[in-house]
Amino acid sequence: MYEERPALLDGAVLWTRTAAGPTAERPVLPDGCMDLIWADGSLLVAGPDTHAYVPGEFAARYAGIRFAPGDAPGLLGVPAHELRDRRVALGALWGEAAARRLGERITQAPDPAAALEELVLRRAAETPGPDPLLRAVVARLAAGRPVAETAEAVGLGARQLHRRSLDAFGYGPKTLARVLRLQRALALVRAGVPYAEAALRAGCADQAHLARETRALAGTTLSAYAASVSAKSETPLPSGSRTTA
62 MYEERPALLD GAVLWTRTAA GPTAERPVLP DGCMDLIWAD GSLLVAGPDT HAYVPGEFAA
122 RYAGIRFAPG DAPGLLGVPA HELRDRRVAL GALWGEAAAR RLGERITQAP DPAAALEELV
182 LRRAAETPGP DPLLRAVVAR LAAGRPVAET AEAVGLGARQ LHRRSLDAFG YGPKTLARVL
242 RLQRALALVR AGVPYAEAAL RAGCADQAHL ARETRALAGT TLSAYAASVS AKSETPLPSG
302 SRTTA
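The opening position of the sequence shown corresponds to residue 62 in our numbering, with each subsequent residue numbered one higher.
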């Protein structure tokens, strides 16, 4: 069973998932986000994805914090591009002893999800807040604004925006724009909007363009994605609570 709610940390989502036994996991699709995850006592970080990620391990209980795009690197203390397309044990970032103590504390808590949230809030209080400029970048790209126009609007040159995007999002602004556009399109598909209309409303040139992007970023076809949605409810996966195919 999967549940989520807005986290107390601005822009983040707290989610939990429990399972009675191993199941066939569906791929996790890119969404521009990063997650801090507690999985049966271990802590790990899900970095930003550029393609569909297929979970390879199973845990009975998960709790996670999904950060808004660009917010996690400051809290975790590592540039996002170093974690791109990776799942990394928190011990590799914060030290094995510290990560083990934190994992044990969360495991022993009556509510591991609440304990994970408390950990993140404490960390946030000790680190600089999200960069308003980068949040403006995300907002404009999520609304479908062009990258060049976005760079001009926030007062950055193309190279500056690319460099800062690598650190904040894990990839350049063009890739982030593609990921966010795909998410817009798939949300429309899930709502029952015809493919061609979903493509145009999301900012693709046409249905064929959306089909290519779905294949490239999600590793599936539009029809297969729609079939998976209709066959079962959308249950975000523990490797980051991303939209699933």
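C-beta atoms are modelled at their ideal positions from N, C-alpha and C, and glycine is treated no differently.
Fair warning: this is a prediction, and the values are worked out from it, not measured in the lab.
Check: Continuous alpha helix (DSSP H) assignments of at least 4 residues falling wholly in the segment 211-278; Outcome: 219-230, 234-251, 256-263 and 268-274
Check: Close beta carbons around Arg239, own chain, < 8 Å, minus the five adjacent residues each side; Outcome: Glu274 and Leu278
Check: Alpha helix (DSSP H) segment containing Thr77, residue limits; Outcome: Where Thr77 is concerned, there is no enclosing alpha helix (DSSP H), although the beta strand (DSSP E) it sits in stretches over Val74 to Thr79.
Check: Option nearest Glu187 by Cα separation, candidates Gly216, His142, Leu136 and Ala158; Outcome: Leu136
Check: Whole runs of the beta strand (DSSP E) within the segment 140-173, excluding any shorter than 3 residues; Outcome: 148-150
Check: Contact under 8 Å by Cβ, Ala263 with Arg245; Outcome: yes
Check: Simplified DSSP assignment, three categories, for Glu65; Outcome: strand
Check: Distance, Leu151 Cα to Ala160 Cα; Outcome: 6 Å
Check: Whether Tyr256 touches Gln268 by CB criterion (8 Å); Outcome: yes
Check: Span of the beta strand (DSSP E) around Leu90; Outcome: Premise fails: Leu90 is in no beta strand (DSSP E) and is neither H nor E.
Check: Separation of Gly138 from Ser302, as counted between CA atoms; Outcome: Caution applies to Ser302, whose pLDDT of 40 falls short of 50 and renders its modelled position unreliable; the value that the coordinates give is listed next. About 22 Å.
Check: Under 8 Å between C-beta atoms of Glu131 and Val74; Outcome: According to the sequence displayed, residue 131 carries Gly and not Glu. No, Cβ-Cβ distance for Gly131 and Val74 is not below 8 Å.
Check: Residue burial classification, Pro140 (beta-carbon count within 10 angstroms, cutoff 16); Outcome: exposed
Check: Per DSSP, the bridge partner or partners of Tyr123; Outcome: Arg78 and Ala100
Check: Closest by C-alpha distance to Ala248, when choosing among Thr77, Ala68, Glu65 and Asp92; Outcome: Asp92
Check: Residue range of the alpha helix (DSSP H) that includes Pro193; Outcome: Pro193 to Ala203
Check: Pairwise C-alpha distance: Arg242 and Met95; Outcome: 18 Å
Check: Alpha helix (DSSP H) segment containing Leu70, residue limits; Outcome: Run containing Leu70: none; DSSP gives neither H nor E here.
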